Amino acid sequence: MKKLVLANQKGGVGKSAITCQFAHYMANLGKRVLVIDLDHQRNTSRPLAKNGRVAVAPFTSSAVLRGEYESLPEAAFVLVPGDDGLSLLVDQKDKHNAFVNHLNDFLGRAAAAFDLCIVDTNPNPDIRYAAALCTGDFVLSPIELNQEAIDGIGGLLNHPRYGYHKIKQTVNPKLDLIGLLPNQVESTPFQRANFKQVAEAYAKLLILVDPETKRFAFIPARTAIPEAQADGLYLAEMKKTSARDAWREIRPSFDAIAKRMHLEGL
Ligand SMILES: Nc1ncnc2c1ncn2[C@@H]1O[C@H](COP(=O)(O)OP(=O)(O)OP(=O)(O)O)[C@@H](O)[C@H]1O
Ligand SMILES: [Mg+2]
């Protein structure tokens with residue numbers, strides 16, 4: 003089982019929307035997918051729980067961190083939902099190591115039953131965020147193309163305790179940054195200039211979709227995405243033309259991310 007963490011210390015950049023849509027995409031490729039929502043806002047849990055294809059575990063992600071979980075449902079697409087208890091874990095500093103170990107044990111037990119586990123994180127660098135990075139294999143970091151978000155890339159990489167480099171050096175040497183995934187990209191001159199700026203400053207951190215054309219992965223701003231999230235749907239299966247068009251634009255980027263994890267279609 004590969005473990006993919008969606009992380010960015012900046013809020014509202016699309017971590018949850020991309021978690022849900024990428025989880026559906028993978029499940030549709032025939033992969034067995036486990037999703038863990040480590041955010042008490044539950045913006046991944048709600049849409050997935052609404053979708054009839056997803057089996058919801060009878061325990062929450064804070065129970066996983068506390069080591070108080072039961073067996074997972076026997077299904078090919080499973081959600082461990084977030085809950086309010088997640089926020090309470092942050093101040094229990096004496097238990098932080100135990101939380102990481104419990105998550106690690108849980109993932110180890112789930113490994114045989116799934117091909118991919120996607121962990122959606124909260125936007126603060128705290129113990130939940132750290133536990134995900136300490137136990138993951140891959141990190142994918144959605145970003146928005148505005149100056150504040152671009153400035154935040156430094157925190158993702160270099161936060162003194164929970165930055166990618168620190169966690170990789172000290173706790174989890176196998177952690178592999180797939181890259182930055184620009185989200186909500188619009189074709190305005192302003193956004194194009196920002197994309198160019200990111201591409202120049204962080205070329206190695208963007209995800210190549212096509213080495214020949216040097217096209218990087220990105221997700222366009224499309225109203226079909228919040229619509230899919232609100233109804234708990236997979237974009238590719240929505241009937242509206244706008245959703246189909248959006249999916250056609252997004253698919254090559256998802257293909258590139260799957261390929262990077264060696265999880266291409268069966
Ligand atoms: N490409 C997109 N086009 C249009 N709307 C989008 C796109 N991506 C995400 N959104 C919408 O933007 C909002 C924020 O996205 P989302 O909740 O996924 O961000 P997040 O990074 O998980 O936020 P948080 O840090 O609060 O967990 C949601 O309403 C979502 O539906
Ligand atoms: Mg979220």
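When we follow our numbering, the leftmost residue of the sequence shown carries the number 3, and every step to the right adds one. The beta carbon of each residue, even a glycine, is placed where N, CA and C say it ideally should be. Nothing here was measured: the structure is a model prediction, and the numbers come from that model.
By Cβ distance, which residues of its chain are closer than 6 Å to residue i, with the 5 residues on each side in sequence left out?
| i | result |
| --- | --- |
| G181 | L207, L208 and I209 |
| G13 | P125 |
| I227 | A19 |
| R262 | I180 |
| A132 | Y164 |
For a cutoff of 9 Å on Cβ pairs, would you count residue i as touching chain C?
| i | result |
| --- | --- |
| Q23 | Structure shown: chain C not included; a single protein chain is present. |
Around the Cβ of residue i, are there at least 16 other Cβ atoms within 10 angstroms (buried) or fewer (exposed)?
| i | result |
| --- | --- |
| N99 | exposed |
| Q231 | buried |
| V173 | exposed |
| A248 | buried |
| D153 | exposed |
| E251 | exposed |
| N53 | buried |
| L158 | buried |
| S255 | buried |
Name the DSSP beta bridge partners of residue i, please?
| i | result |
| --- | --- |
| N196 | Answer is none; N196 lacks a bridge partner. |
| S143 | L182 |
| A57 | V80 |
| R217 | D212 |
| L36 | V80 and C119 |
Please confirm whether residue i and residue j have their CB atoms less than 9 Å apart.
| i | j | result |
| --- | --- | --- |
| L275 | R130 | Since the first and last residues shown for the chain are 3 and 268, residue 275 lies out of range. |
| S143 | A9 | yes |
| V82 | V141 | no |
| K4 | H264 | yes |
| T137 | L105 | yes |
| S244 | T225 | yes |
| N160 | K170 | no |
| D122 | L177 | no |
Suppose the cutoff is 7 Å on Cβ atoms and the five residues either side in sequence are ignored; what does the same chain contact list for residue i look like?
| i | result |
| --- | --- |
| R34 | A78, A115, F116 and D117 |
The segment 44 to 51 in contact with the segment 15 to 27 per 3-pair CB rule at 8 Å: yes
Check whether the segment 58 to 74 and the segment 27 to 34 touch, using three or more Cβ-Cβ pairs below 8 Å as the test. no
Taking 8 Å as the cut-off, does the segment 181 to 190 touch the segment 212 to 221 (at least 3 CB pairs, one atom from each stretch)? yes
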